[in-house]
Amino acid sequence: MDTGMNEDTRKFRIRHEPTPKRGPWYFLTGLILGFLLGLIYTWWINPVIYESTHPASLRNDYKAVYRSTIAQVFAETGNLERASLRLDLLNDENPVYALGAQAQRALADGRGEEAHDLALLASVLQIGSAPLDAAQPTEPILSATSTIQVIPTQTLPLPTPTSE
Amino acid sequence: MRRKTRRWGFFLLATLVGLAVGIAFGWLILPVQYTSTGLHTLRVDYKTDFVLMVAELYHHQGDAAMALARLRYLRETSPLDIVQEAIAYAEAHRYAPGDLQMMRNLSSAIQDLPLEWD
């Protein structure tokens with residue numbers, strides 16, 4: 001019986017066997033691609049912009065400006081409570097050390113007055129945080145008329161008095 | 165042919181779903197954390213406190229130009245606006261009269277100076 005199929009036709013039919021199912025890989029690929037595009041958009045192209053930040057999140061140089069301003073205000077007003085509250089905002093691990101280190105940098109850069117103010121606040125804070133000896137008088141460290149003495153610490157050199 | 169079209173449709177749908185999940189993740193769950201911000205990004209109460217510090221320094225030193233230079237760190241459109249906003253915030257939150265007065269004095273002082281930002 002002639003079926004109308006020669007050798008070539010048979011081969012052709014074999015090639016048209018149904019392709020095996022690929023599974024939902026295309027769906028997963030789409031999900032991953034979309035997720036990655038979403039991340040690229042939100043992390044690089046259009047990230048969340050913070051407009052109400054805390055002083056602790058400031059860049060180090062701005063923290064230094066903030067710290068220095070606190071120290072200068074303290075040197076003018078002698079208001080230790082306010083200075084301490086403001087310094088707390090910077091979340092420094094050791095505020096005295098941070099002030100001392102910045103004072104040293106300011107001194108090295110030739111900003112003697114700023115270094116003095118920073119060292120002054122560091123010294124007063126250190127005295128304030130030290131346990132009081134029972135024999136010591138319990139007078140306030142600062143008063144409106146008192147002259148503030150800078151007490152050197154291990155990390156701070158005494159600021160050299162300027163001839164202003 | 166129909167199967168291929170359907171597959172593309174599902175692929176696009178999956179991409180859109182992934183995109184939505186990615187955006188939610190990147191904005192809400194794990195947004196970029198900036199740890200190096202400038203003073204201009206501070207919350208209004210901290211900005212007000214910075215302005216108060218500048219006002220305190222101006223009160224004791226009387227140097228308006230230096231006060232202006234310090235306000236420059238806040239990088240707003242106008243230093244006068246910064247001080248006015250700070251005064252408004254301080255009034256609303258009942259700052260001490262002395263502090264308010266110092267900020268008002270600062271505001272008056274910088275009004276007389278050239279106020280262009282670089």
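So the sequences go chain by chain: G and C.
For the first sequence, the working numbering gives the first residue as 1, with consecutive numbering after it.
For the second sequence, the working numbering gives the first residue as 165, with consecutive numbering after it.
The C-beta atom is built at its ideal place from N, Cα and C for all residues, glycine as well.
For clarity, every value in this text was computed on a predicted model and none was experimentally measured.
When only Cα atoms are considered, P195/C and D276/C end up about 43 Å apart.
Under the rule that a run must span 4 or more residues, the alpha helix (DSSP H) segments found entirely inside the region 249-276 of chain C read 261-275. Taking a C-beta distance under 7 Å as the contact criterion, Y253/C and T212/C qualify as a contact pair.
Taking one beta carbon from each stretch, the region 75-86 of chain G and the region 26-42 of chain G have fewer than 3 pairs nearer than 8 Å; the two do not touch. Spanning the alpha carbons of A64/G and A273/C requires a straight line of approximately 26 Å.
In the DSSP annotation of this structure, the continuous segment of the alpha helix (DSSP H) that includes F35/G starts and ends at W25 to I40. From the listed residues R170/C, I246/C, K168/C and R268/C, the smallest Cα separation to E220/C is found for R268/C. Here F175/C really is in contact with Y26/G; their C-beta atoms are around 5 Å apart, less than 8 Å.
Short of 8 Å from the beta carbon of V218/C, and not among the five residues preceding or following it, lie these beta carbons of its own chain, in chain order: A231, R234, L235 and L270. The C-beta of H257/C comes no closer than 7 Å to any C-beta of chain G.
Y66, T69, I70, Q72, V73, E76 and T77: these are the residues of the region 66-77 of chain G whose beta carbon lies less than 8 Å from some beta carbon of chain C, given in chain order. One thing to note: L203/C has its Cβ within 7 Å of the Cβ of Y237/C. Taking a C-beta distance under 7 Å as the contact criterion, T53/G and L192/C do not qualify as a contact pair. Judged by DSSP in its simplified three-state form, T169/C adopts helix. Nearest Cα to R105/G within the set D61/G, N94/G and Q126/G: D61/G. Secondary structure of L107/G (DSSP, three-state): helix. Under the three-state reduction of DSSP, T69/G is assigned to helix. Counting along the chain, the unbroken alpha helix (DSSP H) around S84/G starts and ends at L80 to D88. Contact annotation, L99/G with A122/G: C-beta distance approximately 4 Å; criterion of less than 8 Å satisfied. In this structure Q102/G is in contact with S68/G, their Cβ atoms being roughly 7 Å apart against a cut-off of 8 Å.
Not flagged as an interface residue toward chain C: G100/G, since no C-beta distance is shorter than 7 Å. Interface flag for V185/C against chain G is set, since a Cβ pair is found closer than 7 Å.
Within 7 Å of the CB of E220/C, the CB atoms of chain G belong to V73, E76 and T77, in sequence order along the chain.
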